[in-house]
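Colleague: Residue numbers (the working numbering), protein chains in the order written: chain A, 121 to 389; chain B, 35 to 287.
In this text, a Cβ means the ideal position worked out from N, Cα and C, and glycines have one as well.
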Amino acid sequence: MSTLKNSLYHLRLLDDLGKHNSFIHKVHPLIKLITTVFYLAVVISFERYDVSGLLPLIFYPMFIFLLGELPITPILKRLLIVAPLIIGIGIMNPLFDNSKVLIGNIYISRGWITFLSILIKCGLTVTASILLVATTGINRIAEALRMLKVPKIFVLQLLLTYRYFSVLIEEVSIMIRAYSLRAPGQKGIHRSVWGSFTGILIIRTFDRAQRVYQSMNLRGFRGEYINGYNSKITFKDFLYLMMWCFFFTIVRIYNIPLIIDRIFTGVIN
Amino acid sequence: MGNNKLIIKKLHFTYPGEHIAIKDISFVISEGESVGIIGANGAGKSTLLMLIMGILFPNTGEVLVDNRSINKKNLSKIRQQLGMVFQNPDDQLFMTSVYEDVAFGPRNYGLDEVEVENRVEKALAMVGISHLKDRSPFKLSGGEKRSAAIASVLSMEPEVLIMDEPTSALDPKSRRKLIQLLNRFKHTKIITSHDLDMVLDTCKRTIVIKGGRIVADGNTKEILTNDELLDNCGLEVPLSLQNCPVCGTKKEI
Ligand SMILES: Nc1ncnc2c1ncn2[C@@H]1O[C@H](COP(=O)(O)OP(=O)(O)OP(=O)(O)O)[C@@H](O)[C@H]1O
Ligand SMILES: [Mg+2]
Chain A
121 MSTLKNSLYH LRLLDDLGKH NSFIHKVHPL IKLITTVFYL AVVISFERYD
171 VSGLLPLIFY PMFIFLLGEL PITPILKRLL IVAPLIIGIG IMNPLFDNSK
221 VLIGNIYISR GWITFLSILI KCGLTVTASI LLVATTGINR IAEALRMLKV
271 PKIFVLQLLL TYRYFSVLIE EVSIMIRAYS LRAPGQKGIH RSVWGSFTGI
321 LIIRTFDRAQ RVYQSMNLRG FRGEYINGYN SKITFKDFLY LMMWCFFFTI
371 VRIYNIPLII DRIFTGVIN
Chain B
35 MGNNKLIIKK LHFTYPGEHI AIKDISFVIS EGESVGIIGA NGAGKSTLLM
85 LIMGILFPNT GEVLVDNRSI NKKNLSKIRQ QLGMVFQNPD DQLFMTSVYE
135 DVAFGPRNYG LDEVEVENRV EKALAMVGIS HLKDRSPFKL SGGEKRSAAI
185 ASVLSMEPEV LIMDEPTSAL DPKSRRKLIQ LLNRFKHTKI ITSHDLDMVL
235 DTCKRTIVIK GGRIVADGNT KEILTNDELL DNCGLEVPLS LQNCPVCGTK
285 KEI
């Protein structure tokens with residue numbers, strides 16, 4: 121129960137973080153969205169066996185963490201939620217790909233290298249997406265999507281799903297609390313009530329989500345959040361985008377760790 | 035009295051599953067009137083309010099606001115005139131801060147940011163929660179949430195204010211403040227409540243509902259002193275009108 125309540129707090133944590141006012145938060149949402157998408161594309165485009173080339177890309181989330189004044193632990197914890205999924209996807213590689221490669225003086229199975237690169241790629245992409253939400257807030261991301269002329273209906277879908285998710289967790293925690301108060305000493309929820317529990321849960325969350333949506337409509341909601349912010353892209357925003365694009369492109373074209381390695385070994389030799 | 039603000043004509047409403055919730059309800063509310071709607075649990079009060087707001091549509095009958103019948107086309111225009119506070123404030127607060135939530139309505143109606151800020155500050159001050167404006171709505175107490183929900187409707191400056199059990203979960207001071215606030219609000223009001231003392235303090239007229247039907251409609255003081263009628267509808271004479279429990283002397287009305 122406490123973990124559920126905690127995850128509710130964590131879910132809202134992203135909302136809360138989105139309200140901060142750091143250097144990163146002030147960058148225009150559209151710029152951050154494009155930067156993130158570009159970043160994701162670059163990360164994904166790396167070859168399966170290329171681990172060292174990926175490494176400089178860690179610099180991007182580190183930079184956002186620092187300048188966005190974000191707490192590191194709770195955000196990385198979210199990463200752990202998807203970790204089993206990532207490991208599940210990657211774990212087959214060492215089994216199927218047995219060919220060996222020479223790294224330094226030792227032979228390593230290619231399978232493990234691809235596994236490692238999948239791990240890093242997923243870690244980086246998920247972190248970057250979480251950071252986008254944490255520094256922008258879901259409403260402003262929606263605003264950016266609308267600027268990109270993404271159809272209203274999709275954006276609305278995204279927003280309501282996000283809202284629905286928090287409603288769902290809230291209702292679950294309320295129901296579990298009600299249950300555990302009347303079933304002291306029980307661990308978790310007994311198998312016999314799983315069916316009715318989920319049934320009621322679906323109805324309740326559905327009802328609640330509907331009432332929330334109704335109250336949005338009553339207050340003039342027409343499918344678009346209107347934020348009172350000044351939504352002009354400034355030269356600074358543009359510079360931010362250009363610098364990251366430049367950095368990502370360089371990293372993509374040149375394998376920087378390898379170059380540094382060569383320079384050093386060259387010096388030693 | 036002014037002209038007819040709200041006309042309810044022969045409303046009939048059945049929930050899916052054959053549950054008849056509203057049966058043949060008609061009444062007229064003129065501009066500036068304040069009307070209390072009372073009745074036992076499940077009498078149909080919330081359902082009636084939702085029909086008025088156009089959240090639900092009646093099977094037969096119609097609702098007219100300023101002599102215009104509510105339909106799907108003019109809904110968003112008409113809703114600008116009506117503001118409703120829900121029975122459960124959790125249904126009403128969905129933004130990331132109290133300020134954003136109160137600003138939500140005015141922004142949707144296209145006001146510029148200076149005016150929005152004005153309205154938000156004013157609404158928050160009216161319910162006395164200016165100090166909560168940067169807090170997350172979900173981290174508030176029940177009563178604070180209620181106040182925030184009321185502010186989120188006041189900021190739209192509606193012509194008709196509709197409230198479903200506004201005083202539940204409020205502490206005595208906040209309740210008193212709300213009553214004063216409602217009395218200052220000169221527009222049309224419709225309030226449902228089980229807090230009959232509050233109805234007595236805020237509404238001149240009262241409509242009693244039982245099993246989806248109107249059983250009485252008239253002067254609040256007359257209705258709230260009618261022992262038999264109230265008892266019949268699962269209600270009680272409000273404390274402030276009951277005879278003194280110690281000496282039994284009659285209260286002055
Ligand atoms: N979503 C629904 N589906 C089916 N029946 C409903 C639904 N909501 C309410 N009802 C039924 O309609 C009737 C009127 O409900 P309503 O919520 O209007 O009562 P109420 O007068 O507001 O009661 P309370 O004082 O408890 O708030 C009740 O008998 C209730 O069981
Ligand atoms: Mg009700």
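Where does Ala203/A sit, in a helix, a strand or coil, going by DSSP?
Modeller: Taking the first sequence and counting its residues from 1, one reaches residue 203/A at position 83. Ala203/A: helix per DSSP, three-state reduction.
Colleague: From Leu321/A to Ser229/A, what does the alpha carbon distance come to, in whole angstroms?
Modeller: For the purposes of this step, residue 321/A is taken as residue 201 along the first sequence, with counting starting at 1. For the purposes of this step, residue 229/A is taken as residue 109 along the first sequence, with counting starting at 1. In a straight line, the C-alpha of Leu321/A is about 47 Å away from that of Ser229/A.
Colleague: At a CB-CB cut-off below 8 Å, which residues of chain B make contact with Phe341/A?
Modeller: To locate residue 341/A, count along the first sequence from 1; it is residue 221. Per Cβ cutoff of 8 Å: Phe138 and Asn142.
Colleague: Since Phe172/B meets chain A, which of its residues come closer than 7 Å, beta carbon to beta carbon?
Modeller: The residue you call residue 172/B lines up with position 138 of the second sequence. Simply Arg132.
Colleague: Excluding the 5 residues preceding and the 5 following Val271/B in the sequence, name in chain order all residues of the same chain whose CB lies nearer than 7 Å to its CB.
Modeller: If you number the second sequence from 1, residue 271/B lands on position 237. These residues qualify, in order along the chain: Leu258, Thr259, Asp261 and Leu264.
Colleague: What does the Cβ neighbour count give for Arg311/A, buried or exposed, with the cut at 16 atoms within 10 Å?
Modeller: If you number the first sequence from 1, residue 311/A lands on position 191. Arg311/A should be labelled exposed.
Colleague: Counting along the chain, where does the alpha helix (DSSP H) carrying Ile323/A start and finish?
Modeller: Locating residue 323/A in the first sequence gives position 203, where the first residue counts as 1. Ile323/A -> alpha helix (DSSP H) spans Trp314 to Leu338.
Colleague: By DSSP's criteria, Phe61/B is part of a beta bridge. Which residues make up the other side?
Modeller: By 1-based counting over the second sequence, the position of residue 61/B is 27. Partner(s): Ile42/B.
Colleague: Please name the residue in Ile207/A, Ile294/A, Ile346/A and Leu186/A whose C-alpha comes closest to that of Ile258/A.
Modeller: To locate residue 258/A, count along the first sequence from 1; it is residue 138. Checking every option, the nearest Cα to that of Ile258/A belongs to Ile346/A.
Colleague: List, in chain order, every chain A residue whose beta-carbon is nearer than 9 Å to that of Ile42/B.
Modeller: If you number the second sequence from 1, residue 42/B lands on position 8. Near Ile42/B there are no residues of chain A at all, since even the closest Cβ is about 18 Å away, more than 9 Å.
Colleague: Kindly indicate the opening and closing residues of the beta strand (DSSP E) around Glu263/A.
Modeller: If you number the first sequence from 1, residue 263/A lands on position 143. Segment Ile258 to Met267 is the alpha helix (DSSP H) holding Glu263/A; no beta strand (DSSP E) there.
Colleague: Restricting to Cα atoms, I'd like to know which of Ile379/A, Val147/A and Ser172/A is closest to Ile240/A.
Modeller: Taking the first residue of the first sequence as 1, we reach residue 240/A at position 120. The option with the nearest alpha carbon to Ile240/A is Ser172/A.
Colleague: Along the stretch 113-131 of chain B, where does the CB come closer than 7 Å to a CB of chain A? Name the residues.
Modeller: Listed by position along the chain: Arg113, Gln114, Met118, Phe120, Asp125, Gln126, Phe128, Thr130 and Ser131.
Colleague: Could you pull the DSSP bridge partners for Val387/A from this structure?
Modeller: Against the first sequence, residue 387/A aligns to sequence position 267. Bridge partners of Val387/A: none, in fact.
Colleague: Short of 7 Å in beta carbon distance, which residues of its chain neighbour Val147/A, apart from the five on each side in sequence? Order them along the chain.
Modeller: The residue given as residue 147/A occupies position 27 in the first sequence. Closer than 7 Å at the Cβ level, and outside the excluded window around Val147/A, lie Asp357 and Tyr360.
Colleague: Taking the alpha carbon of Phe120/B as the reference point, which residue from Arg218/B, Ser202/B, Ser131/B and Pro92/B has its own alpha carbon closest?
Modeller: Position 86 of the second sequence, counted from the start, is the residue given in the question as residue 120/B. Measuring from the Cα of Phe120/B, the nearest candidate turns out to be Ser202/B.
Colleague: Tell me whether Trp314/A is buried or exposed, calling it buried when 16 or more other Cβ atoms sit within 10 Å of its Cβ.
Modeller: Translated into the one-based positions of the first sequence, residue 314/A becomes position 194. Burial call: exposed.
Colleague: Taking three-plus beta-carbon pairs below 8 Å as touching, is the stretch 87-99 of chain B in contact with the stretch 124-135 of chain B?
Modeller: Because the criterion of three Cβ pairs below 8 Å is not met, the stretch 87-99 of chain B and the stretch 124-135 of chain B do not touch.
Colleague: DSSP three-state label for Met121/A, please.
Modeller: One-based indexing of the first sequence puts residue 121/A at position 1. Because the pLDDT at Met121/A is just 42, under 50, the model does not fix this residue reliably, and the value given afterwards should be weighed accordingly. Met121/A: coil per DSSP, three-state reduction.
Colleague: If I measure Cβ to Cβ from Met35/B and keep anything under 8 Å in the same chain, skipping five residues before and after, which residues do I get?
Modeller: Here the question's residue 35/B lines up with position 1 in the second sequence. Caution is warranted here: a pLDDT of 49 is assigned to Met35/B, below 50, making its placement in the model unreliable, and the coordinate value is therefore given only provisionally. Hits under 8 Å: Ser64, Glu65, Gly66 and Glu67.
Colleague: CA-CA distance, Met295/A and Asn225/A?
Modeller: For the purposes of this step, residue 295/A is taken as the residue at position 175 of the first sequence. For the purposes of this step, residue 225/A is taken as the residue at position 105 of the first sequence. One C-alpha to the other measures close to 58 Å.
Colleague: Going along chain B in order, which residues have a C-beta closer than 9 Å to the C-beta of Ile144/A?
Modeller: Residue numbering aside, residue 144/A sits at position 24 when the first sequence is read from its first letter. In chain order: nothing, as chain B lies at least about 17 Å away.
Colleague: Buried or exposed for Met121/A, please, with buried defined as at least 16 other CB atoms from any protein chain shown within 10 angstroms of its CB.
Modeller: Residue mapping note: residue 121/A aligns to position 1 of the first sequence, counting from 1. Because Met121/A sits at a pLDDT of 42, beneath the cut-off of 50, its placement in the model cannot be relied upon, and the following sentence gives the value as read from the coordinates. The residue is exposed, with fewer than 16 neighbouring Cβ atoms inside 10 Å.
Colleague: Assuming Arg132/A contacts Ser170/B under a Cβ cut-off of 8 Å, what Cβ separation, rounded to an integer in Å, is found between them?
Modeller: For the purposes of this step, residue 132/A is taken as the residue at position 12 of the first sequence. For the purposes of this step, residue 170/B is taken as the residue at position 136 of the second sequence. Yes, they are in contact, since the Cβ atoms of Arg132/A and Ser170/B sit about 6 Å apart, within 8 Å.
Colleague: Following a CB-centred definition, is Ser80/B positioned closer than 7 Å to any heavy atom of ligand 2?
Modeller: If you number the second sequence from 1, residue 80/B lands on position 46. Yes, ligand 2 has a heavy atom inside 7 Å of this Cβ.
Colleague: Return yes when at least one heavy atom of ligand 2 lies under 7 Å from the C-beta of Asp198/B, else no.
Modeller: If you number the second sequence from 1, residue 198/B lands on position 164. Yes, Cβ of Asp198/B sits closer than 7 Å to a heavy atom of ligand 2.
Colleague: For Glu96/B, write down the residues that DSSP places opposite it in a beta bridge.
Modeller: Residue mapping note: residue 96/B aligns to position 62 of the second sequence, counting from 1. DSSP, once it has assigned bridges, lists Lys43/B as partnering Glu96/B.
Colleague: I need the boundaries of the beta strand (DSSP E) containing Ala203/B, first residue and last residue.
Modeller: In the second sequence, counting from the first residue as 1, residue 203/B sits at position 169. That residue, Ala203/B, is in no beta strand (DSSP E); it is neither H nor E in DSSP.
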